[in-house]
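Visitor: Positions 2 to 312 (the working numbering) are the ones given, in order, by the sequence shown. Using N, Cα and C, we set each Cβ at its ideal position, and we do this for glycine too. I'd like to ask you about the structure that follows.
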Amino acid sequence: MLLITVSRQTGSLGDEIAEEVSRNLGLPIITRQTAMSEWLPEIAGKHELHMLSESPGYYLNPSQSGITYAEFLENKLRMAVKDHSAIISGMGAQVIFALHPEAVHIKIMASQEVRIGRIMKSNHLDRKDSERLLEITDRKHKRYISMIYEKDWADPLLYDLTLNTDKLSIKDAAEAIACLVRNRLLEVNKIAEANGNGTKKAVVFKHPSEEEFARILDMYCLEWEYEPRTFPIKWDAEGNIILAFSPDFYLPKFDTYIELTTMNQKYVSEKKKKVEQLRKLYPGTNINIVYKKDFHTLIKRFGMLGGKAGE
């Protein structure tokens with residue numbers, strides 16, 4: 002499971018970066034707007050919602066459900082990511098999920114001058130009003146974390162990665178986050194397997210390219226099986242199998258088999274014939290032949306499809 006918390010300063014491009022990561026990894030984003038429009042109305046009226054949008058301290062008030070609004074929100078967040086991957090923007094998620102083994106906590110910031118310039122441009126404000134806006138929003142961010150969780154929002158120990166976007170593009174920042182997330186998941190999986198909790202058995206690959214492909218699948222968090230099925234494709238006169246085909250990989254989520262190949266035209270032609278025969282004998286079976294040079298392109302496409310399917 003993927004869990005990314007994003008804490009950002011106003012004018013730091015934090016929202017834009019979170020959206021880019023969402024597109025790249027196919028993850029939904031949970032924001033304060035999600036809480037205000039979908040969750041909190043369950044226990045709050047119009048006046049309470051207004052107060053919650055204006056005053057961080059109001060979250061400490063008891064709600065009609067018998068717990069504080071902060072506790073209600075925290076429960077909702079925990080339920081939302083119990084069995085689903087997501088990106089959580091703000092709401093103290095870096096504190097709530099501080100001990101979550103698969104969570105990656107990101108802080109996005111920029112210098113005061115750069116942030117002022119961005120606010121002036123995006124909101125069509127003069128410098129004085131932009132400075133005032135940043136002062137108010139920064140104070141609210143800090144007060145919420147301080148009042149609700151007694152933590153300092155600026156504490157670097159709350160984050161795994163801090164990005165300064167003064168000279169960093171949205172694309173580069175999103176790629177840095179995605180790389181960290183993938184590496185973290187690989188580490189978690191290795192620890193689980195070492196402790197006997199892994200789901201995959203040790204695999205002995207027949208070719209180095211297969212092992213490389215498996216690592217790329219893991220990097221993109223795509224479930225795979227190695228040679229899980231053998232398809233008979235030719236029989237003799239007595240019905241004995243004389244030719245069979247075992248595709249290298251199977252991707253359960255996409256019900257698709259993958260056969261890797263080299264650039265040697267002789268072997269490519271042989272595999273193409275086997276694939277064509279398999280499709281003819283087993284209608285509806287999805288199988289692709291993939292060259293090594295196309296590994297990343299294919300996996301990125303499947304990663305995008307997987308994200309859309311899971312939203």
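#1: Spell out the partners DSSP gives Glu260 in its beta bridges.
#2: How big is the Cα-Cα spacing for Val291 and Lys273?
#3: Does Asn76 come out as helix, strand or coil in the three-state DSSP assignment?
#4: Could you have a look at Asn241 and say whether DSSP puts it in helix, strand or coil?
#5: Compare the Cα-Cα distances from His101 to each of Glu55, Arg216 and Tyr160 and report the closest residue.
#6: For Ala111, which of Lys254, Asn165 and Leu134 has the nearest alpha-carbon?
#7: Kindly give me the distance between the Cβ atoms of Ala36 and Leu74, rounded to whole angstroms, as I take these residues to be in contact under 8 Å.
#8: Looking at the unbroken alpha helix (DSSP H) that takes in Arg133, where does it start and where does it end?
#9: Taking just the CA atoms, how far does His48 sit from Cys222?
#10: To the nearest angstrom, how far is the alpha carbon of Phe214 from that of Asn289?
#11: Is the Cβ-Cβ distance between Phe250 and Glu226 less than 8 Å?
#12: Give me the Cβ distance between Ser86 and Leu28, rounded to the nearest whole Å; I'm assuming they're in contact under 8 Å.
#13: Given a cut-off of 8 Å, decide if Met148 and Gly58 are closer than it, judged by their beta-carbon atoms.
#14: Helix, strand or coil for Met220 per DSSP?
#15: Pairs of beta-carbons, one from the segment 11 to 28 and one from the segment 165 to 180, closer than 8 Å: are there three or more?
#16: Run through DSSP, which three-state label would Glu236 get?
#17: Relative to the alpha-carbon of Lys141, which residue among Tyr60, Lys275, Ser270 and Ile97 has its alpha-carbon at the smallest distance?
#18: Kindly indicate which residue of Gly12, Ile146 and Ile88 has the alpha-carbon position closest to the one of His106.
#19: In angstroms, rounded to a whole number, what distance separates the CA positions of Ile178 and Ala81?
#20: Within 10 Å of its beta-carbon, does Pro284 have 16 or more other beta-carbons around it, so buried, or fewer, so exposed?
Guide: Quick answer:
#1: To locate residue 260, count along the sequence shown from 1; it is residue 259. DSSP output for Glu260 lists Ile290 as bridge partner(s).
#2: One-based indexing of the sequence shown puts residue 291 at position 290. One-based indexing of the sequence shown puts residue 273 at position 272. Each residue's Cα considered, the two are about 11 Å apart.
#3: As a working note, residue 76 is residue 75 in the sequence shown. Helix at Asn76.
#4: Within the sequence shown, the letter at position 240 stands for residue 241. DSSP, read as helix, strand or coil, puts Asn241 in coil.
#5: Numbered from 1 along the sequence shown, position 100 holds the residue referred to as residue 101. It is Tyr160.
#6: Here residue 111 corresponds to residue number 110 of the sequence shown, with the count starting at 1. A check of alpha carbon separations from Ala111 across Lys254, Asn165 and Leu134 identifies Asn165 as the nearest.
#7: Reading the sequence shown from its first residue, position 35 is the one you call residue 36. Reading the sequence shown from its first residue, position 73 is the one you call residue 74. 6 Å between Cβ atoms; contact.
#8: Taking the first residue of the sequence shown as 1, we reach residue 133 at position 132. Segment Arg128 to Tyr150, the alpha helix (DSSP H) holding Arg133.
#9: The residue labelled residue 222 in the question sits at position 221 within the sequence shown. The residue labelled residue 48 in the question sits at position 47 within the sequence shown. Distance between the alpha carbons of Cys222 and His48: 44 Å.
#10: Working through the sequence shown from its first residue, we reach residue 214 at position 213. Working through the sequence shown from its first residue, we reach residue 289 at position 288. Distance between the alpha carbons of Phe214 and Asn289: 14 Å.
#11: Sequence index remark: in the sequence shown, residue 250 carries index 249 (1-based). Sequence index remark: in the sequence shown, residue 226 carries index 225 (1-based). Yes, they are a contact pair.
#12: Numbered from 1 along the sequence shown, position 85 holds the residue referred to as residue 86. Numbered from 1 along the sequence shown, position 27 holds the residue referred to as residue 28. Right, their Cβ atoms sit about 5 Å apart.
#13: The residue given as residue 58 occupies position 57 in the sequence shown. The residue given as residue 148 occupies position 147 in the sequence shown. Their beta carbons are under 8 Å apart, which means Gly58 touches Met148 by this criterion.
#14: Position 219 of the sequence shown, counted from the start, is the residue given in the question as residue 220. In the structure shown, the three-state DSSP call for Met220 is helix.
#15: Result yes; three or more Cβ-Cβ pairs closer than 8 Å.
#16: The residue labelled residue 236 in the question sits at position 235 within the sequence shown. Note on identity: in this sequence residue 236 is Trp, with Glu being the wrong assignment. Strand, per DSSP.
#17: By 1-based counting over the sequence shown, the position of residue 141 is 140. Of the listed residues, the one whose Cα sits closest to Lys141 is Tyr60.
#18: Start at 1 with the first residue of the sequence shown, and residue 106 comes out as number 105. Answer by Cα proximity: Ile88.
#19: Mapped onto the sequence shown, residue 178 falls at position 177. Mapped onto the sequence shown, residue 81 falls at position 80. For the pair Ile178 and Ala81, the Cα-to-Cα distance works out to about 21 Å.
#20: By one-based count along the sequence shown, residue 284 stands at place 283. Its Cβ having fewer than 16 others within 10 Å, Pro284 is exposed.
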